[in-house]
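Quick note, the sequences are listed as chains V and C, same order.
With our numbering applied, the first sequence covers 236 to 766.
With our numbering applied, the second sequence covers 3 to 168.
Positions of the beta carbon are idealized from the N, C-alpha and C atoms, including for glycine.
Only a predicted model underlies this, so the values are computations on that prediction, with no experimental measurement involved.
Below: one structure, written as structure tokens.
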Amino acid sequence: MARARAALRRGFDRVERGLDAAFGPDWNPMAQLGPLGWFLFWIVLGTGIYLFIFFDTGVTEAYGSVRWLSTDHWWHAGVTRSLHRYASDLMVVVMFTHLVREWAFDRYRGARWFSWITGVPVIWFVYLSGITGYWLVWDRLAQYVATISAELLDAVGIFGEPIARNFMSPAQLSDRFFTLMVFLHIAIPLLLLLAMWIHIQRITAARTNPPRGLAAIMLGALIAVALVLPAPLQGPADLATVPQRLGIDWLLLGLYPVIESVPAGVIWAGAALFTIGLIGMPWLPPRRDGRAAEVFLDHCNGCERCVADCPYAAVRLAPRSDGAPFRFEAVVDPSRCVACGICMGACPSSSPFRRSGELITGIDLPDQPLAALRDEVIAAGRALGDTPGTGRVLTLACGWGAGAGSTAPGRVGVPCAAMVPPAMIDFIISRGLADGVCIAGCAERECHNRFGVAWTEARFARTRDPYLRERVPRERVLTVWAGPTETGRLGEELDAFARRLAAMPPYERIRPLEDAANRAAPRRRQRSVAG
Amino acid sequence: MKGRLRHLAIGGLVSLALTLATAVLSAWPSWQSLPEDSALIRVSFSVSGARNCRDRTAEELAALPRNMRRKRVCERRRSPVRLSIGIDGATLFDAAIPPGGLSGTGPSRVYRRFEVPAGDHRITLRLQTDPAAPDKAVTAVHEVTLDPGQNMAIDFDTTTGSFVLY
């Protein structure tokens with residue numbers, strides 16, 4: 236399973252690199268599948284409301300009104316109908332790609348189980364919305380869908396009269412049936428909207444709008460296809476005959492030929508297994524995330540930076556409980572924490588320069604605390620040698636990008652690029668542990684932990700706390716955002732960076748660790764005397 | 003072309019191709035639900051089976067209080083209904099349909115569809131609502147000509163006690 240997932244992840248990465256070139260990383264549709272799903276939903280909703288103005292409910296009126304709007308008024312209502320249909324189909328494509336991608340990127344287990352299982356009802360509501368929509372047209376396809384659906388429902392055996400009796404002959408179908416279908420076609424999409432809203436509840440600042448450029452591209456493509464290839468009508472339904480050959484919407488109705496061909500019990504069992512299997516996936520097997528972040532109140536002043544930066548709403552503020560003169564303290568919800576360490580990188584107390592006592596920060600990762608990260612950085616720096624100006628690069632690599640798992644000298648692994656406090660970059664350069672620092676994170680289009688790339692860039696650009704200090708020479712800092720299949724590019728960029736560093740004069744303001752320790756020691760003594 | 007203009011152009015083309023593929027898949031390839039030379043017979047009705055009744059014996063009646071001495075008693079559960087459908091001398095369907103409801107107090111309901119070759123057929127129907135009275139079964143024979151793609155519905159009218167073909 237893990238191998239299949241890794242292979243699929245690499246496959247996605249390769250495809251997405253191509254789409255990076257076509258759209259640009261920030262407009263890459265593969266990194267915007269969730270927002271695109273929302274965007275398509277709004278298109279379907281808007282076009283549906285417009286179509287409802289022209290739709291008549293009735294055995295003959297339903298088809299008549301759809302035919303009228305598709306032919307006589309094709310230039311507005313017909314195009315709207317095509318948009319309604321194709322946006323619904325694209326929503327299915329986006330939804331399943333999103334599902335497979337989240338599985339491949341292992342973002343469905345551990346603390347992220349909630350988003351996964353709340354996505355399961357979304358799948359069914361999308362299908363039910365589509366199916367009830369097809370009934371309303373009351374053409375030959377609608378007749379086929381209605382009959383097969385009714386036979387499938389009748390197999391459950393909970394309805395008094397078989398629903399399929401309604402479609403036995405023309406005399407048995409009433410106008411009220413269409414009123415019921417209109418109600419269902421409004422109610423189910425509203426339930427879908429509710430399910431989509433619940434789906435995004437456990438993530439911070441959920442993106443529900445794609446970038447405007449991408450939205451414009453998608454809408455333009457939909458309108459163009461709606462004009463070139465209008466959604467077909469397949470002749471009025473006629474219950475005296477059976478639709479023999481049909482143009483099927485394979486995306487929304489692809490299961491109907493299967494439903495028609497196998498016993499209803501198999502279909503219901505398959506649907507139940509699919510649903511239960513999907514819901515159970517986060518625990519088959521569960522992911523063992525690192526231990527949740529811990530708050531150390533002696534070093535926390537309730538500044539809220541960790542709350543603002545956590546991508547999963549796992550940190551919140553609570554009234555101070557230790558009597559310290561601050562209003563709030565940070566509190567971690569372990570059930571939501573994925574141990575990405577972004578909170579640690581955001582904490583102003585995360586300063587590796589501190590030498591008085593044990594290095595503890597306000598919010599820390601038990602499995603890779605700041606003190607251990609500093610030790611790893613020092614060890615990696617020593618592995619690079621101690622001759623300044625030779626192009627030594629210390630790389631802090633996230634666990635999901637091109638640098639993941641590498642044991643090359645000077646390489647330190649972190650769960651997320653934004654786990655690295657900016658002060659650590661300053662520490663590495665000013666203590667002469669390396670001539671330059673490289674942050675190697677996920678591909679720019681999308682961070683595994685949602686905001687790792689964005690927060691790191693913003694901290695380095697000094698637009699988001701904690702800032703990278705101005706004294707850090709920017710020419711000695713490199714960020715490489717590269718996916719798992721871009722190890723070659725990462726290597727090339729590191730080589731080029733090392734050559735640039737080697738060509739520079741050695742950094743002048745180095746205070747080696749030993750010197751800093753020696754200078755700090757008398758100060759501590761002085762403090763002690765003064766105290 | 004540089005930057006965003008290039009992304010709009012190339013990204014637009016990629017999106018157009020994806021949307022076009024989606025639109026094509028929304029109607030093609032077509033599906034043959036029923037072979038061209040076939041027709042469909044749908045049978046559906048709702049008929050109540052007979053009540054299982056008997057007369058109480060004199061001893062049973064004597065054991066009851068005077069105000070409860072009703073001679074005839076019936077079980078709650080109805081009898082199953084037996085339906086047989088034949089076509090051109092062959093049996094298409096022959097089964098006992100149980101009564102509906104948790105306690106079997108409701109009518110027996112049936113819905114079945116049969117795919118048959120188009121053309122002339124002799125359809126024989128037999129419905130028996132009381133297992134104890136096979137001679138009271140309703141029978142019918144119909145000579146029909148089914149066109150390709152025709153949907154023939156067979157219902158049972160409980161008021162007239164006869165089969166109805168649409």
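* Would you list, in chain order, the members of the segment 388-403 of chain V that have their beta-carbon closer than 8 Å to a beta-carbon of chain C? => Near chain C, meaning a CB-to-CB distance below 8 Å, the residues of the segment 388-403 of chain V are 389, 395, 396, 397, 399, 400 and 403.
* Cross-chain neighbours of residue 35 of chain C in chain V, by beta carbon under 8 Å -> In the second sequence, counting from the first residue as 1, residue 35 of chain C sits at position 33. 379, 477, 478, 479, 480, 481, 492 and 495, listed in chain order.
* Along the chain, where does the alpha helix (DSSP H) that runs through residue 386 of chain V open and close? -> To locate residue 386 of chain V, count along the first sequence from 1; it is residue 151. Residues 375-389.
* Please go through the segment 60-123 of chain C and give each complete beta strand (DSSP E) segment of 3 or more residues, from N-terminal end onward. => 74-80, 83-89, 92-99 and 110-119
* Interface positions of the segment 312-342 of chain V facing chain C (Cβ-Cβ less than 7 Å), listed along the chain -> Residues of the segment 312-342 of chain V whose Cβ lies closer than 7 Å to any Cβ of chain C, in chain order: 320, 321, 324, 325 and 328.
* Asked: Whose Cβ in chain C lies nearer than 7 Å to the Cβ of residue 588 of chain V?
  -> Stepping through the first sequence from its first residue, residue 588 of chain V is reached at position 353. Result: empty, since nearest Cβ-Cβ is about 41 Å, beyond 7 Å.
* Asked: Is the CB of residue 164 of chain C under 8 Å away from at least one CB in chain V?
  -> Along the second sequence, one-based indexing puts residue 164 of chain C at 162. Not an interface residue.
* **Simplified DSSP state of residue 311 of chain V, which is helix, strand or coil** => Stepping through the first sequence from its first residue, residue 311 of chain V is reached at position 76. In this structure, residue 311 of chain V counts as helix in the three-state DSSP scheme.
* Asked: If you measure from the beta carbon of residue 159 of chain C to each beta carbon in chain V, is any gap under 8 Å?
  -> The residue given as residue 159 of chain C occupies position 157 in the second sequence. So, not an interface residue.
* Asked: Got a sec: which bits of the segment 36-48 of chain C sit with their beta carbon under 7 Å from any beta carbon on chain V, in order along the chain?
  -> 36, 38, 42, 44, 46 and 48
* **Cβ shell of residue 39 of chain C (< 7 Å), same chain only, five flanking positions each side left out** => Position 37 of the second sequence, counted from the start, is the residue given in the question as residue 39 of chain C. Cβ neighbours of residue 39 of chain C within its own chain (closer than 7 Å, five residues either side excluded): 119, 120 and 150.
* **Range covered by the alpha helix (DSSP H) that runs through residue 657 of chain V** => As a first step, residue 657 of chain V is located in the first sequence; it is residue number 422 there, counting from the start. 657-665 is the extent of the alpha helix (DSSP H) around residue 657 of chain V.
* **DSSP state of residue 629 of chain V mapped onto helix, strand, coil** => Indexing the first sequence from 1 puts residue 629 of chain V at position 394. Per DSSP, reduced to three states, the secondary structure at residue 629 of chain V is strand.
* Neighbour list for residue 452 of chain V in chain C, Cβ cutoff strictly below 8 Å -> Locating residue 452 of chain V in the first sequence gives position 217, where the first residue counts as 1. For residue 452 of chain V, the chain C residues whose C-beta falls within less than 8 Å of its own C-beta are 10, 13, 14 and 17, listed in chain order.
* Contact set between residue 147 of chain C and chain V, taken where Cβ atoms lie within less than 8 Å -> Locating residue 147 of chain C in the second sequence gives position 145, counting from the first residue. The premise fails here: residue 147 of chain C is roughly 14 Å from chain V at the closest Cβ pair, so nothing lies under 8 Å.
* Asked: If residue 653 of chain V and residue 595 of chain V are in contact, beta carbons under 8 Å, what's the gap, nearest whole angstrom?
  -> The sequence position of residue 653 of chain V within the first sequence is 418, counting from 1. The sequence position of residue 595 of chain V within the first sequence is 360, counting from 1. At roughly 20 Å, the Cβ-Cβ gap does not stay under 8 Å, so residue 653 of chain V and residue 595 of chain V are not in contact.
* Which same chain residues, not among the five before or five after residue 263 of chain V, have their C-beta less than 7 Å away from its C-beta? -> The residue given as residue 263 of chain V occupies position 28 in the first sequence. 251, 254, 255 and 680, listed in sequence order.
* Does the distance from the CB of residue 517 of chain V to the CB of residue 336 of chain V come in under 8 Å? -> Looking up residue 517 of chain V in the first sequence gives position 282. Looking up residue 336 of chain V in the first sequence gives position 101. Going by C-beta atoms, residue 517 of chain V is not nearer than 8 Å to residue 336 of chain V.
* When DSSP builds the beta bridges, which residues end up paired with residue 34 of chain C? -> Reading the second sequence from its first residue, position 32 is the one you call residue 34 of chain C. Answer by DSSP bridge pairing, in chain order: V:480.
* Which chain C residues sit within Cβ distance under 7 Å of residue 248 of chain V? -> In the first sequence, counting from the first residue as 1, residue 248 of chain V sits at position 13. Within 7 Å Cβ-Cβ: nothing; residue 248 of chain V doesn't reach chain C, min ~17 Å.
* Among the residues of its own chain, which have a CB less than 7 Å from the CB of residue 144 of chain C, if the five just before and after it don't count? -> Here the question's residue 144 of chain C lines up with position 142 in the second sequence. Correct list, in chain order: 125 and 167.
* Since residue 489 of chain V contacts residue 376 of chain V with CB under 8 Å, what's their CB separation in whole angstroms? -> Along the first sequence, one-based indexing puts residue 489 of chain V at 254. Along the first sequence, one-based indexing puts residue 376 of chain V at 141. Contact flag wrong, Cβ pair sits at about 13 Å.
* Are residue 527 of chain V and residue 567 of chain V touching if we call contact CB-CB under 8 Å? -> Walking along the first sequence from the start, residue 527 of chain V turns up at place 292. Walking along the first sequence from the start, residue 567 of chain V turns up at place 332. The answer is yes: Cβ separation under 8 Å.
* To do: Name the one or two DSSP bridge partners that residue 714 of chain V has.
  => Here residue 714 of chain V refers to the residue found at position 479 of the first sequence. DSSP, once it has assigned bridges, lists V:674 as partnering residue 714 of chain V.
* residue 144 of chain C - partner residues in DSSP beta bridges -> Within the second sequence, the letter at position 142 stands for residue 144 of chain C. DSSP lists C:125 as partners of residue 144 of chain C.
* Asked: Between residue 268 of chain V and residue 332 of chain V, is the Cβ-Cβ spacing less than 8 Å?
  -> Residue 268 of chain V sits at position 33 when you count from the first residue of the first sequence. Residue 332 of chain V sits at position 97 when you count from the first residue of the first sequence. Yes.
* Asked: In whole angstroms, what separates the C-alpha of residue 62 of chain C from that of residue 71 of chain C?
  -> Looking up residue 62 of chain C in the second sequence gives position 60. Looking up residue 71 of chain C in the second sequence gives position 69. Straight-line Cα distance between these residues: approximately 9 Å.
* Quickly, what does DSSP pair residue 152 of chain C with across the bridge? List them, please. => Looking up residue 152 of chain C in the second sequence gives position 150. Note: residue 152 of chain C sits in a beta bridge opposite V:476.
* Asked: To which residues of the same chain is residue 390 of chain V closer than 6 Å at the C-beta, ignoring the five residues directly before and after it?
  -> To locate residue 390 of chain V, count along the first sequence from 1; it is residue 155. Answer for residue 390 of chain V: 499, listed in chain order.
* To do: Would you decide whether residue 15 of chain C is buried or exposed? Buried here means 16 or more other CB atoms lie within 10 Å of its CB.
  => As a position in the second sequence, residue 15 of chain C is number 13, starting the count at 1. So residue 15 of chain C ends up on the exposed side.
* Asked: Buried or exposed: residue 749 of chain V, going by 16 or more other Cβ atoms within 10 Å of its Cβ?
  -> Residue mapping note: residue 749 of chain V aligns to position 514 of the first sequence, counting from 1. An exposed status is given to residue 749 of chain V, since fewer than 16 other beta-carbon atoms sit within 10 Å of its beta-carbon.
* **Chain-ordered chain V contacts of residue 152 of chain C [CB-CB under 8 Å]** => On the second sequence, residue 152 of chain C is found 150 positions in, with the first residue counted as 1. For residue 152 of chain C, the neighbours in chain V by C-beta distance under 8 Å run, in chain order, 475, 476 and 477.
* Sheet register partners of residue 554 of chain V (DSSP bridge) -> Taking the first sequence and counting its residues from 1, one reaches residue 554 of chain V at position 319. In DSSP, residue 554 of chain V forms a bridge with V:563.
* Residues near residue 323 of chain V by beta carbon distance below 6 Å, same chain, minus five either side -> Indexing the first sequence from 1 puts residue 323 of chain V at position 88. Same-chain partners within the cutoff: 279 and 365.
* Asked: Relative to the C-alpha of residue 548 of chain V, which residue among V:723, V:523, V:440 and V:579 is closest?
  -> The residue you call residue 548 of chain V lines up with position 313 of the first sequence. Residue 548 of chain V has its Cα closest to that of V:440, out of V:723, V:523, V:440 and V:579.
* Asked: With 16 as the cutoff for other CB atoms within 10 Å, does residue 76 of chain C come out buried or exposed?
  -> The sequence position of residue 76 of chain C within the second sequence is 74, counting from 1. Label assigned to residue 76 of chain C: exposed.
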